[in-house]
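All remarks here apply to the structure that follows.
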DNA sequence: GACAATAAACCGACCGTCGGTCAGTATACC
DNA sequence: GGTATACTGACCGACGGTCGGTTTATTGTC
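Protein chains in written order, with our numbering: chain W, 4 to 234; chain V, 4 to 234.
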């Protein structure tokens, strides 16, 4: 095979690109290093020149995704003159809008990501995103506390818990996806929707707000998203 | 090797016993099927006569652990004449007492379970415990709602969220364990304690109780547990 | 500008291990 | 004696990872 030399950074991110596509298509464990290097046109040795192991590559990928995801919220977080509650709702609204915008692609990704046996990929990404997201959310909550809008002792702990809750609906979605096609599908969807409805209230109460202040999940959003499919 | 025939159920649970010991000692991935059959004194074929795959065995083990863990709460859940709040606190108290009783063994287990790379084992157990535990907690919450003590729309969704939160401190513990020995250890422990403190308040608020009603984690418990070590 | 010399990117044959298979054998039970 | 099933262990293919060696880029020297 002809030898092509590239700038290390370029090669590295290229390998990450191909790996990401494959991981999200087949899952982490079902993707072999050979698959990745074949797509990337690199030898085994070339791969291991850039990554110490397949797992280290996953870590690098998770870190990159975490960076990307926090970057998408930068403007919302830095917009001046926004009250804490408005900022928080803008944060959730942005999250919803992005999900709707490429719902089909995300749906396909979730189908893979949430299948049991892909826990590694799912939780590795989660583990990378949380520490990046916590300070950001904590800042909003601290603002709200300073404004006297939120009633909360520890903004940082509250941020962790809010993110925890947010992850909870993902778990419920995983259960619903797993149940798809079985008789329990409808029940799982109902459970998912009721959990999503409660999620907003739970967040309100944790932050000391009146019920209904936070709009985390819009009514109908779940069903719309769950039925989105790549055409 | 001499052939020993046993009752299928006995052999099966025996294999699970040895596997459990090994999984909690080295983790799921680092334990090979050969390790298990060596300890159990069974051939490869014998193993695969009882389990379709290593993963199916993990599932069976998780299910068994889930059964065992819910069984430990039976008396608390069925004790007559207990108010919902008292029952809930009895539930948490039992959980704490059990943890303290064999803290050293649990600590050693957590050390393995929470190491990154053992996500599979950890979350597989979790995934098995949650569906078993949700109805149980939901029953308590429904009781509280009927008594007019809890203010909560959907007991089942609330149960899922409370369990979700409970799992959250485990994640924080995982982070603290990971940080052990590094300069960030003290900070991680502080974060863990503050999250644990907030946990009770968060549960109170979600269930519509005044702050301080639920005692999920006693002060000092975390530090005591984290410093427990096998002698 | 020609030319070593050094470092770094890359190649690909090879290896050990692990999960899993299967054709056959021993044992329990009727 | 016959049948179902618990069990054996040699074997397999695939996968993550290694390593000695080769090519390319870069830098320093005259």
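Using N, Cα and C, we set each Cβ at its ideal position, and we do this for glycine too.
Boundaries of the alpha helix (DSSP H) in which residue i is found, first to last residue
i: residue 229 of chain W; result: 224-229
i: residue 17 of chain V; result: 11-29
i: residue 103 of chain W; result: 87-104
i: residue 216 of chain W; result: Note, residue 216 of chain W: premise wrong, no alpha helix (DSSP H); not H, not E.
i: residue 129 of chain W; result: 122-149
i: residue 33 of chain V; result: Premise fails: residue 33 of chain V is in no alpha helix (DSSP H) and is neither H nor E.
i: residue 119 of chain W; result: Run containing residue 119 of chain W: none; DSSP gives neither H nor E here.
i: residue 73 of chain W; result: 57-74
i: residue 206 of chain W; result: 188-209
i: residue 183 of chain W; result: Note, residue 183 of chain W: premise wrong, no alpha helix (DSSP H); not H, not E.
i: residue 50 of chain W; result: 47-53
i: residue 81 of chain V; result: 77-81
Own chain residues within Cβ distance below 6 Å of residue i, not counting five before or after
i: residue 87 of chain V; result: 143, 146, 147, 150, 152
i: residue 159 of chain V; result: 141
i: residue 177 of chain W; result: 117
i: residue 227 of chain W; result: none
i: residue 214 of chain V; result: 204, 207
i: residue 15 of chain W; result: 53
i: residue 65 of chain W; result: 127, 128, 131
i: residue 11 of chain W; result: none
i: residue 90 of chain W; result: 143
i: residue 163 of chain W; result: 137
Same chain only: Cβ atoms within 7 Å of residue i, ignoring 5 sequence neighbours per side
i: residue 133 of chain V; result: 166
i: residue 109 of chain W; result: 102
i: residue 211 of chain W; result: 153, 154, 155
i: residue 31 of chain V; result: 61, 121, 123, 124
i: residue 222 of chain V; result: none
i: residue 224 of chain W; result: 99
i: residue 5 of chain W; result: none
i: residue 191 of chain W; result: 178, 179, 182
Neighbourhood of residue i by C-beta, 8 Å cutoff - its chain only, sequence neighbours within 5 removed
i: residue 62 of chain W; result: 127, 131
i: residue 7 of chain V; result: 44
i: residue 47 of chain V; result: 36, 37, 40
i: residue 202 of chain W; result: 168, 169, 171, 172, 219, 220
i: residue 84 of chain V; result: none
i: residue 17 of chain V; result: 9, 43
i: residue 234 of chain W; result: Since pLDDT at residue 234 of chain W reaches only 49, below the 50 mark, its modelled position is unreliable, and the value read off the structure follows with that caveat. Correct list, in chain order: 107.
i: residue 25 of chain W; result: 34, 38, 39, 42
Any non-hydrogen atom of the ligand ATP closer than 6 Å to residue i Cβ
i: residue 12 of chain W; result: The ligand ATP is not part of the structure shown, which contains no ligands of any sort.
Using a Cβ-Cβ cut-off of less than 9 Å, give me the residues of the segment 130-159 of chain W that come near chain V, in sequence order.
-> 130, 133, 134, 155, 156, 157, 159
Contact list for the segment 193-211 of chain W against chain V, Cβ threshold 8 Å | 194, 197, 198, 200, 201, 202, 204, 205, 208, 209, 211
Check distances from the C-beta atoms of the segment 118-130 of chain V to those of chain W and list, in chain order, the residues that come in under 7 Å.
-> 122, 123, 126
Please name the residues in the segment 161-174 of chain V whose beta-carbon is closer than 7 Å to at least one beta-carbon of chain W, in chain order.
-> 161, 163, 164, 167, 168, 171
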